[in-house]
Amino acid sequence: MINITFPDGNVRQYENGVTGQEIAESISPRLAQEVLSIGVNGDTWDLSRPINSDSSIVLYKWDDEEGKHAYWHSSAHLMAEALQELYPGIKFGIGPAIENGFYYDVDPGTAVIKESDLQNIEKKMIELAALKEDIVRQDISKTDALKLFEEKGDEYKTELISDLEDGTITLYTQGNFTDLCRGPHLRNTGEIKAIKMLSVAGAYWRGDEKRKQLTRIYGITFPKKKMLDEYLVMLEEAKKRDHRKIGKELELFMFSETVGKGLPMWLPKGTALRLRLEDFLKKIQRKYEYQQVITPHIGNKLLYITSGHYAKYGQDSFQPIHTPEEGEEYLLKPMNCPHHCEIYKHKPRSYKDLPVRMAEFGTVYRYEQSGELHGLTRVRSFTQDDAHIFCRPDQVKNEFLKVMDIINIIFKALDFTNVEVQISLRDPENKEKYIGSDENWEKAEQSIVEACEEKGLKAKVELGEAAFYGPKLDFMVRDAIGRKWQLGTIQVDYNLPERFELEYTGEDNQKHRPVMIHRAPFGSMERFVAVLIEHTAGKFPLWLTPEQVVILPVSEKYNDYANEVAKKLDARDIRVSVDDRNEKVGRKIRDNELKRIPYMLIVGEKEAENGEVNVRKQGGGEQYSQSIDDFAVSINKEVEKILKEALTF
RNA sequence: GCUGUUGUAGCUCAGGGGUAGAGCACUUCCUUGGUAAGGAAGAGGUCAUGGGUUCAAAUCCCAUCAACAGCUCCA
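Mind the numbering: the first sequence is residues 595 to 1243 in the working numbering, read in order.
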């Protein structure tokens, strides 16, 4: 007999060699049906694998990552089995479970797998799943494994095997399909019920662009048809919120082939929105004693040689601009910091001056690879809400805390409640990859960790994710559909002050080197607005939205009154327009709902007589009439309240 | 940059070797209206660009450009 310890601390005795499946059965038939994999002493196992010693276990169901993982992993195998039947001789790379579903990288030889083939693959998978084949685990020696896959002629699997240690190699078989795999897997392919193949893409073997590109096939499966349907509905919802779609509909921004790809242009409404966001941050920054500066969009190449960026990114950037005079080369600025360093240097600085906080909405230009461009989230020209804080080493932590406050204020004001924080530190194995002294790195990393602790932020620490010049703290938000976006960032930099030989005079009358902190609460205006669009589905908060109020005259007879109302509201800084088209009210309401305007004021005979407006809030619901004045006051109050709350600190 | 898909009216899209289609938007007219689409008429396109095949190309082929989904990259 062996002792099995459950997550709640309970211990039960079972026969030696008991399986996860049997344990689940011993608890309840329902559990036995729903359980997908089992955690044994921290590893995840198949349910059919015998347990031969005292163990702590967790039974994983669909709602557990580990359970889903096994489910999708087995689904990848089912897809591979289908592919093997449909494309004889096909070779397999890797086929893991991912956050939403699974994929398999395959080499179909001379055949080409296209999007239009997905349906066929799906059909075959359903056919195979109906056979309810058992998935069988088998330990195998490295020699035998190599021999097996060499015979199959699958060079990808043999390459994988040769990197593995003997004694840890397992195979999984279902029907005619055998795959090298660590597992764990479902008991039986019949458990896979609802299947949807999603897309095909190219993917380099082992992520190396110098190696062969395989065909990657994405899919997702669910234990219930209803869950698949819900997932597909969610995908549709995501599409509806896509900032590229809404940006076009609401006329916020555009691209032009003639201007160039990845170069967004802000339309009047988008500009209005963006300027309001910028003003908001400027107000906060004024309170936090930032100084606003403006610098040119180009800089001498020597500037970037000094900063070190030219050596690292020069060949992958927009190439230098040559002047008519010989030997002069300028670069479009890919970041603002070198310019700001020069501003810092323009006069001697005393320790009393520090910290110097220099802010600029600086537009930068980066040559992103063409395949990487994506709406407003990845572009070749964007405006950072950039600032550089030059401070003494002992001020780093405090400055960090202040920046965290600013980011917090912004996220709160915009209702980004689901914020994830990531601390990116050096890869301790690979210290030579980074610029700067060991001592400085340790100091900086420690400051970040401490600052997070002080703020009670639950930050995820990622080793090896730091920039080459310093560690950083990134703020990620999820939009309403759960997709993750990186926005705000705070980065310590011990490198640029060194390269630009920045100095201040200390109390001791000696020259000292300041520390630099790069920070951008929005990240870039482009990306932030993109995320804001998706977060709000285009229904921006009243204080931000480009159009706050639209007046709908019931008929053309009341256009004059409507214009009068508009004039009065405009005089009170309310962003208002009149829909004076020759249309019925119902039509005007519909069109202005689609434009996501928060308030519609319907005016007709009654209102004109009484000097009132009939208020209809976005989305309908309750309507009420009030005087023009009362309405104006209530709108102004609503906006002021948000700004006041946000700006009280 | 790589792989695959796509490119037809301002927008969303159908069609497809023989003189270009719909809905919405736009213009004009009718209607003068009360909380999510009133009616009619009209205007609008070198079918992404450049080559090729063909009696004939928007349609087939090649290249280029751009967008989309991934991969790789990201100061």
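A virtual CB, placed ideally from N, CA and C, is assigned to each residue, including glycine.
Of the other Cβ atoms in all chains shown, 16 or more fall within 10 Å of the Cβ of D1173; this residue is therefore buried.
Scanning V1207, I1000, S631 and G1205 for the CA closest to the CA of K1049 turns up I1000. The region 892-901 makes contact with the region 924-933, as at least three CB pairs between them are under 8 Å. Every beta strand (DSSP E) stretch that sits fully inside the region 707-748 and reaches 3 residues is listed by chain position as 730-733.
Under the 10 Å beta carbon count, A1156 is surrounded by 16 or more other beta carbons and is classified as buried. Annotation for W1137: no alpha helix (DSSP H) segment contains it, and DSSP assigns it neither H nor E.
At a cut-off of 4 residues, the continuous stretches assigned as alpha helix (DSSP H) that sit fully inside the region 978-1062 are 990-1007 and 1032-1049. Of the residues P918, C1046, P858 and R1107, the one whose Cα lies closest to the Cα of V958 is P858. Of all alpha-carbon atoms in E1056, A674 and I840, the one lying nearest the alpha-carbon of L1019 is that of E1056.
DSSP places M952 in the uninterrupted beta strand (DSSP E) bounded by V950 to Y959.
Going by C-alpha positions, V990 is about 21 Å away from I1004.
Secondary structure at K1182: helix, using DSSP grouped into helix, strand and coil.
Put simply, the backbone Cα of S964 is about 35 Å away from that of R951. Separation of K906 and E1059 (C-alpha to C-alpha, rounded to the nearest whole angstrom) is 17 Å. Between the region 692-699 and the region 807-826, the count of Cβ pairs shorter than 8 Å is three or higher; the stretches touch. Between the C-alpha atoms of Q885 and A953 there is a straight-line separation of about 6 Å. Burial check for E1201: the Cβ neighbour count within 10 Å reaches 16 or more, so the residue is buried. Setting aside the 5 residues that flank it on each side, A670 is surrounded in the same chain by G689, F696 and Y698, each with a C-beta closer than 6 Å to its C-beta; the list follows chain order.
According to the DSSP secondary-structure assignment, I632 is paired through a beta bridge with W639 and L653. Separation of the CB atoms of P817 and W639 is rounded to 20 Å, and the pair is thereby denied contact status at 8 Å. Taking C-alpha positions only, H968 is separated from G856 by approximately 8 Å. For R1166, the three-state secondary structure derived from DSSP is coil. Annotation note: the region 848-902 contains the following uninterrupted alpha helix (DSSP H) runs of length 4 or greater, listed N- to C-terminal: 862-881 and 895-901. Take the alpha-carbon of S710 and the one of K1025: they are about 48 Å apart. Nearest Cα to I899 within the set R880, H933 and Y882: H933. Y681 carries a coil assignment under DSSP once its states are collapsed to helix, strand and coil. DSSP links F771 through a beta bridge to Q768.
Here L754 has I688 and L774 as same chain residues with Cβ atoms under 8 Å from its own Cβ, once five neighbours each way along the sequence are excluded. Residue environment: L1126 is assigned as buried (16 or more neighbouring CB atoms within 10 Å of its CB, all protein chains considered). Around the beta carbon of Q713, fewer than 16 other beta carbons sit within 10 angstroms, so the residue counts as exposed.
Secondary structure of V612 (DSSP, three-state): strand. Under the DSSP definition of a beta bridge, G796 partners with T809. Note on geometry: alpha-carbon atoms of E1120 and V1233 lie some 24 Å from one another. Q1016 is the residue among K1027, Q1016, V1197 and P1022 whose C-alpha sits nearest the C-alpha of A1053. Relative to the Cα of V1013, the nearest Cα in the group K746, M998 and E1023 belongs to M998. Between the alpha carbons of H667 and C931 lies a distance of about 46 Å.
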